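Residue 93 in the numbering used here is what sits at position 93 of the sequence shown, and the numbering runs on without skipping anything. The beta carbon of each residue, even a glycine, is placed where N, CA and C say it ideally should be. As the structure is a prediction and not an experimental result, all values here were calculated from the model.
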Amino acid sequence: MAREHDAYLTSRLRGFGSTIFAEMTALATEKRAINLGQGFPDYDGPPEVLEAAVDAIRSGQNQYPPGPGVADLRMAISEHQSRFHGLRYDPDGEVLVTAGATEALAGALLGILETGDEVVLLEPMYDSYQACIALAGAITRPVTLRPPSYRLDVDALRAAVTPRTRMILLNTPHNPTGAVLDREELRAIADLAVEHDLIVVSDEVYEHLVYDDAEHVSIATLPGMWERTLVISSGGKTFNTTGWKVGWICGPAKLVAAARAAKQFLTYVSSGPFQPAIAVGLRLPDEYFVGLASDLRRKRDRLMRGLVAAGFEAYTPRGTYFVTVDIRSLREDGDGYAFCRELPDRCGVVGIPNVVFYDRAHESEGRHLVRFAFCKRDEVIDEAVERLMGAAS
Ligand code: PMP
Ligand code: GLN
């Protein structure tokens, strides 16, 4: 990944020079390929939410919002956590608005971790986790999830915890695998967190994108967990507004305060007029949230059918808007990165090589895996499938 540009880069960020999303989206633009790489929808979110942003801009909400976030959005986040998860948070002190979930994660990791602390997390892992842990001077201890089921190996999790472990960083529904942690898995994680007095940071940005019989459960709802858990989410996935970067953290005041201390020196504040608009979204009726998941389930099935027809082994995601495939039937050497670099020329489609979501030492686990996003219009999915079938034949 763009290592030639690392000459002046701090040693803490060596190897994190350029994100895979920037690289693959640039490739899609250059080659005019269909971008099933970076996860963003190619359709807009609910009109009420878009209108609310326009109204906020027109009515002059264009200056710095308050440091912790617009009060009405903090109230709407608190209501949302209670309505969907039965979790209670005081909008004053237990809810913090951030520049997307990305800044929420950075704030939590930089605000809490000491140099040398260890963070246990699920691998493959979203790319900003490792980079922020490195910036904090902390150490990544990945626990690998493996296809086809991507279920948590509880013994491996237990073995990853050492006396230096400070935090477990979770992501459910999980990017890139589409796994959704079930109650049994969450209970095992919670037991470990309580036993070793660990902080849990739970990235739940895909909380409303769950399919079939999967249920999103926040680990903060388990006994003994509310008081040690920061729950992170964002409006980007739920309201198709990834460019607005409105995210949030909920948790006990002491943990939120630590994240806030770091966050205030990152952006201080962001997304002024988009904050009241996301408040409108969070208060939409249940049908909106149900409809979002059922539309995406249909899209998932559409892309899955096509990927299987094109000859890939595809692992059915129970959540998120990503499918992971094994490319070895189409490329014998199983080099997913090379496959993704060539794919735009071969057939005009872009995907993300999952290898970038693995620790260097475990690259062989993800080398042959590639992720495709299905948050696209049906005709775009169909065209991508047709092109992939052409490449396979
Ligand atoms: N966490 C995960 C697991 C993600 O997939 C993403 C990407 N959208 C983020 C965090 C970042 O979210 P945001 O765009 O709100 O910063
Ligand atoms: N979360 C999105 C994904 O996994 C991308 C976000 C980004 O571009 N950093 O595709």
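Measure the C-alpha to C-alpha separation of V143 and L157 and round it to an integer number of angstroms.
Counting from 1 along the sequence shown, the entry for residue 143 is found at position 143. Counting from 1 along the sequence shown, the entry for residue 157 is found at position 157. Spanning the two alpha carbons is a distance of roughly 6 Å.
Suppose the cutoff is 6 Å on Cβ atoms and the five residues either side in sequence are ignored; what does the same chain contact list for D182 look like?
As a first step, residue 182 is located in the sequence shown; it is residue number 182 there, counting from the start. So the list is empty, once near-sequence residues are dropped.
Hey, would you say the C-beta of D203 is under 8 Å away from at least one heavy atom of ligand 1?
Here residue 203 corresponds to residue number 203 of the sequence shown, with the count starting at 1. Yes, the beta carbon of D203 sits closer than 8 Å to at least one heavy atom of ligand 1.
Cβ-heavy atom distance between E23 and ligand 1 below 8 Å?
As a position in the sequence shown, residue 23 is number 23, starting the count at 1. Because no heavy atom of ligand 1 lies under 8 Å away, the Cβ of E23 does not count as near it: no.
Limits of the alpha helix (DSSP H) - the one that F274 falls within
Translated into the one-based positions of the sequence shown, residue 274 becomes position 274. First-last of the alpha helix (DSSP H) with F274: F274 to L282.
Rounded to the nearest angstrom, what separates D44 and F289 at their Cα positions?
Translated into the one-based positions of the sequence shown, residue 44 becomes position 44. Translated into the one-based positions of the sequence shown, residue 289 becomes position 289. Annotation: D44 to F289 spans about 15 Å, alpha carbon to alpha carbon.
Rounded C-alpha distance that separates R58 from V205
Position 58 of the sequence shown holds residue 58. Position 205 of the sequence shown holds residue 205. C-alpha separation (whole angstroms): 29 Å.
Taking the alpha-carbon of E215 as reference, which of L122, D378 and F84 has the nearest alpha-carbon?
Taking the first residue of the sequence shown as position 1, residue 215 is located at position 215. Taking E215 as reference, the option from L122, D378 and F84 with the minimal CA-CA separation is F84.
Express the C-alpha separation of A104 and Y268 in angstroms, rounding to a whole number.
Counting from 1 along the sequence shown, the entry for residue 268 is found at position 268. Counting from 1 along the sequence shown, the entry for residue 104 is found at position 104. Those two C-alpha atoms are separated by around 12 Å.
Range covered by the alpha helix (DSSP H) that runs through D301:
For the purposes of this step, residue 301 is identified with residue 301 of the sequence shown, where counting begins at 1. Bounds of the alpha helix (DSSP H) holding D301 are D286 to A309.
What residue ranges within the region 213 to 253 form continuous beta strand (DSSP E) runs of no fewer than 3 residues, ordered along the chain?
List check, beta strand (DSSP E) in window: 229 to 234 and 246 to 250.
Looking at the secondary structure, which residues open and close the beta strand (DSSP E) in which M167 lies?
Within the sequence shown, the letter at position 167 stands for residue 167. Membership of M167 in the beta strand (DSSP E) is indicated by the continuous run T165 to N171.
Segments of 4+ residues assigned as alpha helix (DSSP H) that fall wholly inside the region 78 to 123:
Entirely contained in the region 78 to 123, the alpha helix (DSSP H) runs reaching 4 residues are, in chain order, 100 to 112.
K245: CB within 8 Å of a non-hydrogen atom of ligand 1:
On the sequence shown, position 245 is the one that residue 245 refers to. At least one heavy atom of ligand 1 lies less than 8 Å from the C-beta of K245.
So, with DSSP's three-state summary, where would you put T19?
Residue 19 sits at position 19 when you count from the first residue of the sequence shown. In this structure, T19 counts as coil in the three-state DSSP scheme.
Let me know if A384 comes out buried or exposed under the rule of 16 or more other beta-carbons within 10 Å of its beta-carbon.
Within the sequence shown, the letter at position 384 stands for residue 384. It counts as buried.
So within the region 321 to 352, which uninterrupted beta strand (DSSP E) runs reach at least 3 residues, ignoring any that extend past its ends?
Segments of the beta strand (DSSP E) lying fully in the region 321 to 352: 322 to 326.
Is K254 near ligand 1, with its Cβ less than 8 Å from a heavy atom?
Position 254 of the sequence shown, counted from the start, is the residue given in the question as residue 254. Judged by the Cβ position, K254 fails to qualify as a neighbour of ligand 1 at the 8 Å threshold, every heavy atom of the ligand being at least this far.
Compute the beta-carbon to beta-carbon distance between F374 and A53, rounded to the nearest angstrom, for a pair I have assumed lies under 8 Å.
In the sequence shown, residue 374 corresponds to position 374, counting from 1. In the sequence shown, residue 53 corresponds to position 53, counting from 1. F374 to A53, Cβ: 26 Å. No contact.
Any idea if L255 is buried or exposed, counting beta-carbon neighbours within 10 angstroms, 16 or more meaning buried?
The sequence position of residue 255 within the sequence shown is 255, counting from 1. L255 comes out buried.
Let me know the secondary structure DSSP gives T140 once reduced to three states.
Numbered from 1 along the sequence shown, position 140 holds the residue referred to as residue 140. DSSP, reduced to helix, strand and coil, places T140 within a strand of the structure shown.
If we count the other Cβ atoms within 10 Å of its Cβ and call it buried at 16 or more, is D286 buried or exposed?
If you number the sequence shown from 1, residue 286 lands on position 286. For D286, the number of other beta carbons within 10 angstroms of its own is below 16, and it is reported as exposed.
Residues in its own chain within less than 8 Å of G116 by CB, not counting five upstream and five downstream?
Reading the sequence shown from its first residue, position 116 is the one you call residue 116. Contacts found: G137, A138, I139 and R164.
Counting pairs of beta carbons, one from the region 306 to 322 and one from the region 336 to 346, are three or more of them closer than 8 Å?
Here the region 306 to 322 makes no contact with the region 336 to 346; the two share fewer than three CB pairs at distances below 8 Å.
Among G178, T316 and L109, which has the Cα closest to the Cα of A259?
Within the sequence shown, numbered from 1, the residue matching residue 259 stands at position 259. The shortest Cα separation from A259 among G178, T316 and L109 belongs to L109.
Own chain, CB closer than 6 Å to E313, minus 5 neighbours either side, in chain order:
The sequence position of residue 313 within the sequence shown is 313, counting from 1. So the list reads D326, once near-sequence residues are dropped.
Specify the secondary structure class of D155 as computed by DSSP and reduced to three states.
The residue given as residue 155 occupies position 155 in the sequence shown. Reduced to three states, the DSSP call for D155 is helix.
Assuming L296 and A76 are in contact, meaning their beta carbons sit under 8 Å apart, how far apart are those beta carbons, in whole angstroms?
Within the sequence shown, the letter at position 296 stands for residue 296. Within the sequence shown, the letter at position 76 stands for residue 76. With a Cβ gap of about 23 Å, L296 and A76 do not count as contacting.
For P124 and G178, the rounded distance between their alpha carbons:
Residue mapping note: residue 178 aligns to position 178 of the sequence shown, counting from 1. Residue mapping note: residue 124 aligns to position 124 of the sequence shown, counting from 1. G178 and P124: Cα-Cα distance of roughly 11 Å.
Does at least one heavy atom of ligand 2 sit under 8 Å from the Cβ of I352?
What you label residue 352 is simply residue 352 of the sequence shown in a count that begins at 1. For I352, the Cβ falls inside the 8 Å cut-off from some heavy atom of ligand 2.
Just to check, is the beta-carbon of Y126 closer than 8 Å to a non-hydrogen atom of ligand 2?
Counting from 1 along the sequence shown, the entry for residue 126 is found at position 126. Correct: Y126 has its Cβ closer than 8 Å to ligand 2.
Quick check on R387: buried or exposed, where buried means 16 or more other Cβ atoms within 10 Å of its Cβ?
As a first step, residue 387 must be located in the sequence shown, where it is residue number 387. It counts as buried.
State yes or no: is the C-beta of L292 within less than 9 Å of the C-beta of H208?
As a working mapping, residue 292 is identified with position 292 in the sequence shown. As a working mapping, residue 208 is identified with position 208 in the sequence shown. A contact, by the Cβ cut-off of 9 Å.
For D321, I'd like the list of residues in its chain whose CB is within less than 7 Å of its CB, leaving aside the five on either flank, ordered along the chain.
Mapped onto the sequence shown, residue 321 falls at position 321. Here the sequence assigns Tyr to residue 321, which means Asp is not the residue at that position. G39, L209, L296, A373, F374 and C375, listed in sequence order.
Which value, in whole angstroms, describes the spacing of the CA atoms of M304 and V323?
Residue numbering aside, residue 304 sits at position 304 when the sequence shown is read from its first letter. Residue numbering aside, residue 323 sits at position 323 when the sequence shown is read from its first letter. Each residue's Cα considered, the two are about 7 Å apart.
Please state whether DSSP places L394 in a helix, a strand or coil.
Only positions 1 to 393 of the chain appear in the structure, and residue 394 is not among them; the question remains open.
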